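A.B. asks: Pasting a structure below so you can have a look.
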Amino acid sequence: MEGADRGSNIEVGDIVYEPPRDGPTLWEIGIPDRSAAEFYVPDPDLFLRLSLKDMTNRAYIPIFPASEDFQSSDQRGNVNGRLLVRDKYVSDDYIPGNSAYVGLAPPGEVGSWQRECKDYQFWSRADEEGYFSINNIHTGNYNLYAWVPGFIGDYRNEVAFTITPGSNIEVGDIVYEPPRDGPTLWEIGIPDRSAAEFYVPDPDPKYVNKLFVNHPDRFRQYGLWDRYSELYPGEDLAYTVGLSDYRKDWFFAQVNRKNDNKYEGTTWQIKFKLDTVNEAGVYKLRVALASANLAELQVRVNNPNTNRPLFSSGLIGRDNSIARHGIHGLYWLYSVDIKGAILVQGDNTVYLKQPRNASPFQGLMYDYIRLEAPPN
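The working numbering puts the first residue of the sequence shown at 266, with every later residue one more than the last.
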């Protein structure tokens, strides 16, 4: 009939389902209805009453403040002072340690506080003028450590402080002289112990974490290490001083390249020009690392194929920042001497090689790189 519904009507007959069974039932527990509703659920009110009664009987309250090892505020001490920076190639005057991280940690070598994990540490941040206060310090012996955003290296005072109950130590002005031999010829990055200022790519669309879309922490995305291979499929990163922008042209981590399901080490280049060369002098390359994971840094200058690098860090680091979507780990600082005779007037190249390639997570994160001319 015209206008009638011409839909299908299919008869499938009886459908038989045979549940898995190997033999007769000996015993069973529960009802196979994909629910646990038939099982016993204890009365939560009764459980809470019993728990609270038990806590009352046992005087279940935090007892550590009553411990003789927990010192009250009047048994602790304080340290106050001011941190200044002296770098004659930046300023003729002392520079306030603006926002410096200043802390007390067990006596040790410069930077040892990074690896100290058994004893007390007490930290504070300086104000814009470099003044700091560290309060409520547990009694004991400490070195004073510090590092200043904008400057490489670590400060450590020569003499350990002894904190006694009620002590209030005024250290006055302390001066940090960061590593420096000569004037800056060029620099890459910001010396803040992080690689956040460098280029962080968009993640693979399959792995996007929507919590970090349009978020300042762009590095908190999965799989960014493989994006390097996509951006640099055949040749490694090459950065030209004066033309390149580290915010766009310096990948945030020197990782391995994926090639036919294998990983290979990478060699980055820093290209720069010199108008004149002091052949008798020694230039200084400062390389600050924000992180390293089972990696090696090799430095060569103007010849990438020399058997022996000008510098090698050896195997360093177990930060795993690359795999864990981090942007920094332990801080490493290397100073590499470059004889003027190696350099040429005109075009020069520094080669940074990371040869360890057993996994995609072996690599480096740079904090800051600087080339200094011989001292005046």
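Built from N, CA and C at the ideal position, the CB exists for glycine as well. None of these values were measured; they are calculated from a predicted model.
Where does W388 fall in DSSP's three states?
C.D. replies: strand
A.B. asks: What three-state label does DSSP hand I294 in the structure shown?
C.D. replies: Coil.
A.B. asks: Within 8 Å (strictly less), CB to CB, does G295 reach chain B?
C.D. replies: Here chain B cannot be found, since the structure has a single protein chain.
A.B. asks: Can you list the beta strand (DSSP E) stretches of 3 or more residues lying completely in the stretch 394-438, in chain order?
C.D. replies: 396-402, 405-412 and 426-428
A.B. asks: Assuming the contact rule is C-beta atoms closer than 8 Å, L642 and A411 should be a hit. Round their C-beta distance to whole Å, please.
C.D. replies: The structure shown does not extend to residue 642, since the chain is modelled only from 266 through 641, so no value can be given for it.
A.B. asks: If you reduce the DSSP assignment to three classes, tell me which class F576 lands in.
C.D. replies: The answer is strand: DSSP assigns F576 an E or B state.
A.B. asks: Would A623 pass as a contact of A555 if the rule is Cβ separation under 8 Å?
C.D. replies: no
A.B. asks: May I ask you to verify whether the stretch 577-590 touches the stretch 439-456, counting CB pairs closer than 8 Å and requiring at least 3?
C.D. replies: no
A.B. asks: When you compare only the Cα positions, how much space is there between L636 and K538?
C.D. replies: 12 Å
A.B. asks: Could you spell out where the beta strand (DSSP E) holding D602 opens and where it closes?
C.D. replies: W597 to K604
A.B. asks: Near R351, which residues of its chain fall below 8 Å by C-beta distance, leaving aside the five closest residues on each side in sequence?
C.D. replies: Excluding the 5 residues flanking it on each side, R351 has same chain C-beta neighbours closer than 8 Å at Y359, I360, V440, Y441 and E442, in chain order.
A.B. asks: If I measure Cβ to Cβ from V662 and keep anything under 6 Å in the same chain, skipping five residues before and after, which residues do I get?
C.D. replies: Shown here, the chain extends from 266 to 641; a query on residue 662 therefore has no answer.
A.B. asks: Can at least three beta-carbon pairs, one atom from the stretch 420-435 and one from the stretch 479-490, be found at a separation below 8 Å?
C.D. replies: no
A.B. asks: For K527, does the count of other Cβ atoms within 10 angstroms reach 16, so buried, or fall short, so exposed?
C.D. replies: exposed
A.B. asks: Could you please give me the residues that DSSP links to L629 through a beta bridge?
C.D. replies: Q519 and A557
A.B. asks: Less than 8 Å separating the beta-carbons of Y633 and G454?
C.D. replies: yes
A.B. asks: Using C-beta distances below 6 Å, list every residue in its chain close to W388, excluding the 5 sequence neighbours before and after it, in chain order.
C.D. replies: Closer than 6 Å at the Cβ level, and outside the excluded window around W388, lie G368.
A.B. asks: Y504 to N613, Cα distance in whole Å?
C.D. replies: 12 Å
A.B. asks: Buried or exposed for I587, please, with buried defined as at least 16 other CB atoms from any protein chain shown within 10 angstroms of its CB.
C.D. replies: buried
A.B. asks: So what does F537 bridge to, in DSSP terms?
C.D. replies: N613
A.B. asks: Specify whether the stretch 455-475 and the stretch 511-520 touch according to this definition: at least 3 beta carbon pairs, one from each stretch, less than 8 Å apart.
C.D. replies: These segments touch.
A.B. asks: Skipping 5 residues on each side, what residues in its chain have a beta carbon closer than 6 Å to that of G373?
C.D. replies: none
A.B. asks: Thinking C-beta only, is L575 closer than 8 Å to I592?
C.D. replies: Taking 8 Å as the cut-off, the beta carbon of I592 is found no closer than this to the beta carbon of L575.
A.B. asks: In whole angstroms, what separates the C-alpha of E293 from that of E283?
C.D. replies: Here the alpha carbons of E283 and E293 stand approximately 18 Å from one another.
A.B. asks: Using only alpha-carbon positions, find the residue among A557, G376, P456 and W533 that is nearest to G594.
C.D. replies: A557
A.B. asks: Quick one, are the C-beta atoms of N543 and P639 less than 8 Å apart?
C.D. replies: yes
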